[in-house]
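Visitor: This structure is in structure tokens; I'll ask about it shortly.
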Amino acid sequence: MENNELICYCDNVTKGQIIAAMEAGAKTLKDMKEMTGACCSCKCAEMNPSGKCCAQDIANVMKEYLVNNR
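Per this note's numbering, the very first residue in the sequence shown carries number 5; after that it's consecutive.
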């Protein structure tokens, strides 16, 4: 997954922005919402090609980052 790949389609938040927020201290979805604005517009089911909310996609990026940066 490239860092410029959109993770939150309705708020235009990329993987790179999620990683940057984690590097700045984000640890939870609430932190991510506050720091990036991701998962706030509630239109992901309409805009996300998967047809579902981006919260799980954000969690997956966070997990991947933690595994790769231990």
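Every residue gets a Cβ at the ideal spot worked out from N, C-alpha and C, and that includes glycine.
1) Would you decide whether glutamine 60 is buried or exposed? Buried here means 16 or more other CB atoms lie within 10 Å of its CB.
2) Would you check if the distance between the CB atom of cysteine 46 and the CB atom of cysteine 12 is smaller than 8 Å?
3) In whole angstroms, what separates the C-alpha of methionine 51 from that of cysteine 14?
4) So, with DSSP's three-state summary, where would you put threonine 18?
5) Return the residue from the list Cys43, Thr32 and Asn72 that minimises the CA-CA distance to threonine 18.
Guide: Judging by the given coordinates:
1) Reading the sequence shown from its first residue, position 56 is the one you call residue 60. The residue in question, glutamine 60, is exposed, as its Cβ has fewer than 16 Cβ neighbours within 10 Å.
2) Walking along the sequence shown from the start, residue 46 turns up at place 42. Walking along the sequence shown from the start, residue 12 turns up at place 8. No, these two residues do not count as a Cβ contact at 8 Å.
3) Mapped onto the sequence shown, residue 51 falls at position 47. Mapped onto the sequence shown, residue 14 falls at position 10. Taking the straight line from one Cα to the other gives about 6 Å.
4) Mapped onto the sequence shown, residue 18 falls at position 14. Strand at threonine 18.
5) Stepping through the sequence shown from its first residue, residue 18 is reached at position 14. Nearest in C-alpha terms to threonine 18, of all of Cys43, Thr32 and Asn72, is Cys43.
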